[in-house]
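Worksheet: one structure, shown below.
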Amino acid sequence: MQSTGLAPHFIAAITPMDCGHWKPAPEIFLAALNIIKVKAENCLMIGDDPIRDVQPARALNMATLLINHQTSQTAFLDVLASLNLSIELVRD
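Right, dumping it as structure tokens:
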């Protein structure tokens with residue numbers, strides 16, 4: 000998250016140690032949804048692995064964005080801006 004410049008926009012991170020499940024198990028994604036109290040269809044999952052990130056998130060009906068690490072931070076943020084998303088920061 001640090002290399003993309005997105006870290007300040009996150010309120011939580013979940014690891015397998017937090018929930019007892021490793022990706023691509025859907026439980027790790029469900030645990031994250033539970034923490035932020037948001038439905039899967041209202042989330043954008045950003046990941047860099049098509050098997051461990053994108054497939055399970057799509058199976059839960061999340062929108063997905065696959066990261067290419069060869070792309071610069073500026074280009075990545077430009078892609079996010081071009082998606083014309085309505086981003087709402089969720090806090091407790």
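Mapped onto numbering that gives the first Met the number 0, the consecutive letters of the sequence shown carry residue numbers 0 to 91. Glycine included, C-beta positions come from ideal geometry on N, C-alpha and C.
Work out the CA separation of residue j and residue i for me, nearest whole Å.
{"i": "residue 41", "j": "residue 21", "result": "22 angstroms"}
{"i": "residue 56", "j": "residue 30", "result": "12 angstroms"}
{"i": "residue 67", "j": "residue 16", "result": "26 angstroms"}
{"i": "residue 26", "j": "residue 45", "result": "17 angstroms"}
{"i": "residue 52", "j": "residue 61", "result": "11 angstroms"}
Need the endpoints of the alpha helix (DSSP H) that residue i sits in, please.
{"i": "residue 32", "result": "25-35"}
Which of helix, strand or coil does DSSP assign to residue i?
{"i": "residue 61", "result": "coil"}
{"i": "residue 89", "result": "Since pLDDT at residue 89 reaches only 49, below the 50 mark, its modelled position is unreliable, and the value read off the structure follows with that caveat. Reduced to three states, the DSSP call for residue 89 is coil."}
{"i": "residue 50", "result": "helix"}
Identify which residue in the options has its Cα closest to the Cα of residue i.
{"i": "residue 24", "options": "5, 54, 33", "result": "54"}
{"i": "residue 9", "options": "38, 18, 39, 43", "result": "43"}
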